[in-house]
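Below is one structure, written out as structure tokens; comments come after it.
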Amino acid sequence: MSAAAPAQGTALDPAAAAGPEAVRGAAPPPATEAPPPRPGVPRHVAIIMDGNGRWATARHLPRVAGHSRGVEAVRRVIEAAIAQGVEYLTLFAFSSENWRRPADEVSVLMRLFVSSLQREVDAMVRNGVRLRIVGQIDAFEPRLRELIAGAQQKSAGNNRLNLTICASYGGRWDILQAAHRLVEQHRAGASLPDEAEFARGLSMAFAPDPDLLIRTGGERRISNFLIWQMAYAELFFTEALWPDFGSEEFAAALEWFAQRERRFGRTSEQLQRVG
Ligand code: FPP
3 MSAAAPAQGT ALDPAAAAGP EAVRGAAPPP ATEAPPPRPG VPRHVAIIMD
53 GNGRWATARH LPRVAGHSRG VEAVRRVIEA AIAQGVEYLT LFAFSSENWR
103 RPADEVSVLM RLFVSSLQRE VDAMVRNGVR LRIVGQIDAF EPRLRELIAG
153 AQQKSAGNNR LNLTICASYG GRWDILQAAH RLVEQHRAGA SLPDEAEFAR
203 GLSMAFAPDP DLLIRTGGER RISNFLIWQM AYAELFFTEA LWPDFGSEEF
253 AAALEWFAQR ERRFGRTSEQ LQRVG
């Protein structure tokens, strides 16, 4: 997913990366196979990728250079998530509010989405990644919408990693669109929904709620990302700027997560009794 030509044989494309030894060795599991659950590993990691602009400004580069380098961090984190056995990885690439940015920055971001989809999707498909784009897709130009539809369709049979890119996405928009649909259903005679039924109307209904939210760039806020689904997520904030984020930083966040006691409203004693 880089503005520069991608390196040959990345971990997203193990067939290209593997040498003759790997070809002769034990057969790897089929690329589309879901990873077995690993104790202490979050099933679903969501990331607010912040700090691209500051990364570039610190180097006297235009802000958009930070976004280009940010695409490389996206690739590293996808590889790390696969290696760690994470099932769902959800990245906040462009918020409903990001449309307010200067037009040239928005335009570069749109071009990056297009070039990333063009360059990376085949390797992702080969490596068992299922790609979904979630948000107000109608806001995008037709070419980008076509690429999104093609990428989703090509990768639909995979489940080794469920990668979701939230683009033109806002948590309040998501709740509102679910509520609008439910109002229509209620008018047509459906009963009022409980929490689980309401959640089925949200745009991430295919995924479990995030277990871990990582936000890079030093800010400590949710910024209208998955606000319903984040109710019980563990929140990990790091000063690292997104273009500097990689497999080590990802592993550190997962190690921190493994130490958390997730009580979901219960007491520590109750959890210990259950074992
Ligand atoms: C926030 O940093 C980052 C964004 C608004 C864009 C994120 C986009 C990418 C990482 C590249 C494209 C991604 C994909 C999936 C192809 P900021 O600009 O707010 O940084 P700042 O806080 O330092 O100004």
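For the sequence shown, the numbering used here assigns the number 3 to the initial residue and increments by one for each residue that follows.
Ideal Cβ placement from N, Cα and C applies to all residues, glycine included.
None of these values were measured; they are calculated from a predicted model.
Residue range V131 to V136 is occupied by the beta strand (DSSP E) that includes I135.
Closest option to S170, judged by alpha-carbon separation, among M112, R222 and S97: S97. The region 233-241 makes no contact with the region 72-91: fewer than 3 CB pairs, one atom from each, lie closer than 8 Å. With respect to the C-alpha of W175, the residue from W258, G137 and H69 having the closest C-alpha is G137.
DSSP places T59 inside the alpha helix (DSSP H), whose first and last residues are N54 to T59. Apart from the 5 residues on each side of it in sequence, F259 sits with its Cβ closer than 6 Å to the Cβ of P44, L214 and E236 in its chain, given in chain order. If you look at H182, you'll find it in the alpha helix (DSSP H) that goes G173 to R189. Under the three-state reduction of DSSP output, H46 falls in the strand class.
Counting the other CB atoms within 10 Å of its CB gives Y90 a total of 16 or more, which places it among the buried residues.
Comparing C-alpha distances from S225 to each of G159, A153 and D52 shows the shortest one belongs to D52.
With 16 or more other Cβ atoms inside 10 Å of its own Cβ, W57 counts as buried.
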